[in-house]
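Residue numbers (this note's numbering): 1 to 806.
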């Protein structure tokens with residue numbers, strides 16, 4: 001057995017079953033899978049995936065999934081599907097295209113290293129001597145890779161502390177109620193969330209009163225008009241009693257018709273109809289205006305609240321879902337308030353008034369009229385909950401459709417560049433079909449409910465006819481009374497049928513209101529203090545004391561201490577996942593620290609108003625975002641009141657003035673959505689001009705030149721040189737050579753500062769920074785050689801002496 005196989009031999013076998021395992025060239029073991037039954041914990045859903053059967057067969061009953069990563073590239077960068085799983089004992093891997101699993105027992109000294117280059121991530125398993133295995137993935141899985149590496153590190157560190165004993169008691173984040181493992185980066189238990197009883201729909205709709213309260217006088221006027229118009233519509237059936245008993249029936253018995261009496265009754269019918277029309281028009285107009293304003297206020301309040309939420313909220317949401325909530329959900333509520341809520345109030349008033357009139361005419365006949373009511377009430381109660389949950393599911397499924405659009409339309413150039421039109425069309429088709437299936441399922445329930453209510457009302461009408469004819473035959477009521485009664489019953493049952501139909505739109509509105517209040521009830525994790533301190537004149541001194549930060553249960557920054565002097569330029573370097581961007585986000589207060597504090601000029605930044613504090617920070621990102629509008633508007637985004645002279649001065653300092661003047665309309669040229677009409681370098685220089693215009697004391701450069709070519713990088717670097725002068729600057733750069741001008745470099749690894757110093761000093765030290773720099777240089781040389789470019793040392797660039805003839 002080779003030395004590597006000897007090191008990996010003591011792998012703990014499944015105590016339930018010993019499988020024959022085949023060694024691979026890497027020293028790992030391939031394990032045939034066989035179904036076993038375990039009671040396992042899996043907060044990552046791996047056991048329910050296509051890999052679940054094979055994985056379940058390998059795990060012991062007391063062995064649980066601690067982290068998982070779905071890899072989507074094989075070793076040759078071909079797309080495929082594989083899985084990495086970490087338990088408290090082992091690292092297990094099923095490579096893309098493979099059917100067997102490999103495993104490595106966890107031992108002290110092992111590590112998982114993350115690398116990324118050219119849009120491809122690599123995760124490597126190392127022991128103390130060499131690399132044991134590696135896997136590749138697209139950067140969309142970067143977050144899961146970081147979680148896997150973090151959990152692997154925790155487990156191996158605990159093994160080292162326990163002297164190699166199995167890490168069975170690792171402190172896991174668990175639900176306080178059901179004790180289930182929590183998914184990473186969250187404090188909410190999915191099982192408990194699903195088990196929560198939903199709020200009654202009426203309660204959700206009643207919460208809309210906070211938006212209706214400012215219009216209470218108009219609503220009161222609308223209610224009064226509704227009451228009056230409903231009463232006016234009940235006059236005509238009552239007038240049928242004297243018309244039948246005093247005019248028509250006497251005429252059939254040979255008595256002459258009195259024209260004056262006929263004219264009086266017909267005038268009464270016309271007057272009541274005109275009155276009902278006028279009152280109904282005024283009521284509808286007033287309540288429509290109010291509902292439109294309530295809908296507008298709801299949209300505005302939701303959007304403003306959304307803007308105040310911290311970034312962690314947006315990290316778990318899809319753009320299409322949020323757009324659907326603020327757009328279609330508020331429209332649905334608006335339609336409900338303007339039309340169906342009004343109809344519901346009218347129906348209730350009509351039923352109550354009609355019932356009172358029916359009982360005043362004949363109580364016994366009125367009681368017969370109420371026979372269908374218990375059955376209709378039972379049906380409404382039964383169907384209501386099904387409709388609400390169904391409409392909530394429809395909303396979620398509809399968000400899938402809008403998410404496809406929100407992904408595809410902004411990325412249409414990528415779609416076309418990779419000829420993926422058919423694939424995106426299929427994605428939309430699948431989402432649309434899913435939406436259709438969910439709607440069809442709900443329509444089965446609704447299609448049975450509505451005709452059943454109509455059938456019950458028709459049966460009730462037949463019973464009233466039969467009982468009414470019997471009363472007429474006994475001379476207990478007149479034909480006119482029965483005729484009026486039937487007319488009122490038509491209105492009564494018609495309103496019952498209308499109310500039953502409103503159940504559907506009420507549940508739709510309730511589902512929409514619930515999704516809106518999901519946003520409004522969310523509290524920002526970056527709150528403003530009750531009594532904020534004024535920022536005042538900023539010097540730019542930043543001090544970090546014992547800073548720690550967690551994404552859910554995962555520690556990303558650990559006990560970090562760092563002082564940055566006013567006007568100093570700091571470069572943050574480290575592998576992907578080392579915590580650089582997280583630290584920048586903490587300084588910008590996109591998130592608040594979990595432990596410790598960050599101070600600006602000696603004051604904890606949490607004591608400042610968020611808006612007041614961020615006005616002193618300029619941010620230049622790797623992917624600059626430009627809004628649809630003119631170039632001048634984009635430059636002045638942080639300072640809308642800026643003059644044209646100030647905008648031009650900022651553009652000149654950012655080396656953007658020349659290319660802007662070459663555009664058809666100069667500074668008034670429109671840029672497409674996200675700046676699609678400009679090159680990457682042009683967008684970046686506009687972003688720099690935008691930062692220059694607000695004249696910040698603190699400057700954050702997050703990979704500002706990593707996405708451009710060398711010539712463009714030189715232009716951007718000139719603009720950055722102007723930007724950093726006299727400002728406290730914190731820069732992250734993919735190419736370490738761009739940070740040579742930094743006063744100090746801060747080297748981070750797994751959320752901790754491991755080295756601090758100038759470039760030359762750190763290179764002489766040959767520590768973590770030196771290893772990063774050398775690895776990057778080697779990678780650049782390998783890439784160049786792969787492209788057919790030979791990198792020569794400067795000493796070899798002199799002409800060689802011709803060789804003599806042999």
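All C-beta atoms in this analysis are idealised placements derived from N, C-alpha and C, irrespective of residue type, glycine included.
Classification of residue 267 by the beta-carbon crowding that lies within 10 angstroms, buried from 16 upward: Its Cβ having fewer than 16 others within 10 Å, residue 267 is exposed.
8 Å contact criterion, which residue 693 and residue 650 should meet: CB distance rounded: In this structure, residue 693 and residue 650 form a Cβ contact; the two beta carbons are roughly 4 Å apart against a cut-off of 8 Å.
Could you name the residues that DSSP lists as bridge partners for residue 749? Its beta-bridge partners are 752.
Taking 8 Å as the cut-off, does the segment 533-542 touch the segment 76-87 (at least 3 CB pairs, one atom from each stretch)? Segments in contact, no.
Looking at C-alpha atoms only, which residue of 751, 608, 233 is the closest neighbour of residue 530? When each option's Cα is compared against that of residue 530, the closest is 608.
Identify the continuous beta strand (DSSP E) that holds residue 543 and give its terminal residues. Its beta strand (DSSP E) spans residues 542-551.
Report all residues from its chain with a CB closer than 7 Å to the CB of residue 642; omit the five preceding and five following residues, and keep chain order. Only 636, 693 meet the Cβ criterion.
On the three-state DSSP scale, how would you describe residue 678? Of the three classes helix, strand and coil, the one that applies to residue 678 here is coil, per DSSP.
Spatial neighbours of residue 309 within its chain, please: CB distance less than 7 Å, with the 5 preceding and 5 following residues excluded, ordered by chain position. Same-chain partners within the cutoff: 522, 524.
What runs of the alpha helix (DSSP H), each 4 residues or longer, lie entirely inside the segment 574-614? For the segment 574-614, whole alpha helix (DSSP H) runs of length 4 or above, ordered along the chain, are 580-587, 610-614.
When the Cα atoms are used, what is the spatial distance from residue 114 to residue 126? Taking the straight line from one Cα to the other gives about 11 Å.
Is it buried or exposed for residue 99, if we count other Cβ within 10 angstroms and need 16 for buried? Answer is exposed; the Cβ neighbour count stays below 16.
Smallest Cα separation from residue 236: which of 447, 648, 116, 480? Nearest to residue 236 by C-alpha distance, out of 447, 648, 116, 480, is 480.
Of the listed residues 68, 67, 92, nearest to residue 57 (C-alpha basis): If we check each option's Cα against that of residue 57, 92 comes out closest.
Got a sec, what are the start and stop residues for the beta strand (DSSP E) residue 554 sits in? Segment 554-564, the beta strand (DSSP E) holding residue 554.
Kindly confirm or deny that the segment 745-754 and the segment 572-586 touch, where touching means at least three C-beta pairs closer than 8 Å. Yes: the two stretches touch, three or more of their Cβ pairs being nearer than 8 Å.
Runs of alpha helix (DSSP H) lying entirely within the segment 356-404, each at least 4 residues, in chain order: Counting whole runs of 4 or more residues, the segment 356-404 contains the alpha helix (DSSP H) stretches 363-369.
Do residue 511 and residue 391 count as a contact pair if the criterion is CB distance below 7 Å? Against a cut-off of 7 Å, the Cβ pair of residue 511 and residue 391 comes out as a contact.
By DSSP, does residue 72 sit in helix, in strand, or in coil? Taken through DSSP and simplified to helix, strand or coil, residue 72 comes out as strand.
Assign residue 352 to one of two classes, buried (16 or more other C-beta atoms within 10 Å of its C-beta) or exposed (fewer than that). Residue 352 is exposed by the Cβ-count criterion.
Using only alpha-carbon positions, find the residue among 644, 340, 154 that is nearest to residue 506. The shortest CA-to-CA distance from residue 506 to any of 644, 340, 154 is the one to 340.
Using the rule of at least 16 other Cβ atoms within 10 Å of the residue's Cβ for burial, across every protein chain shown, is residue 257 buried or exposed? Residue burial annotation: residue 257 is exposed, with fewer than 16 other C-beta atoms found within 10 angstroms of its C-beta.
Three-state secondary structure (DSSP) at residue 120? Look at residue 120 here: in three-state DSSP terms it is strand.
Where residue 461 and residue 366 are concerned, what is the direct C-alpha to C-alpha distance, given to the nearest angstrom? For the pair residue 461 and residue 366, the Cα-to-Cα distance works out to about 11 Å.
Compute the distance between the beta-carbons of residue 548 and residue 557, then report whether it is under 7 Å. Going by C-beta atoms, residue 548 is nearer than 7 Å to residue 557.
Excluding the five sequence neighbours on either side, which residues of its own chain have a C-beta within less than 7 Å of the C-beta of residue 811, listed in chain order? Here the chain covers residues 1 to 806 and nothing more, so residue 811 does not appear.
Tell me residue 67's beta-bridge partners as DSSP assigns them. Looking at the DSSP assignment, residue 67 forms a beta bridge with 86.
So what does DSSP say about residue 665, is it helix, strand or coil? Three-state result, residue 665: coil.
Contact between the segment 315-334 and the segment 295-305 (3+ Cβ pairs under 8 Å): Touching, yes.
Same chain, Cβ closer than 6 Å to residue 33, neighbours up to 5 away in sequence not counted: With a pLDDT of only 40 at residue 33, under the threshold of 50, the placement of this residue in the model should not be trusted, and no figure is reported.
In chain order, what residues of the same chain have a beta carbon less than 8 Å from the beta carbon of residue 484, not counting five sequence neighbours either side? Counting only Cβ-Cβ distances below 8 Å, and skipping sequence neighbours, we find 237, 238, 240, 241, 244, 361.
Taking only three categories from DSSP, how would you classify residue 740? Residue 740: coil per DSSP, three-state reduction.
Among residues of its own chain, excluding the 5 on either side of residue 639, which ones have a beta-carbon nearer than 6 Å to its beta-carbon? Closer than 6 Å at Cβ, skipping near neighbours: 693, 694.
Of the residues 781, 449, 463, which one's Cα is nearest the Cα of residue 377? Checking every option, the nearest Cα to that of residue 377 belongs to 449.
Which of helix, strand or coil DSSP assigns to residue 276: The answer is helix: DSSP assigns residue 276 an H, G or I state.
If I follow the unbroken beta strand (DSSP E) through residue 895, where does it start and stop? Nothing in the structure corresponds to residue 895, since the chain is present only between 1 and 806.
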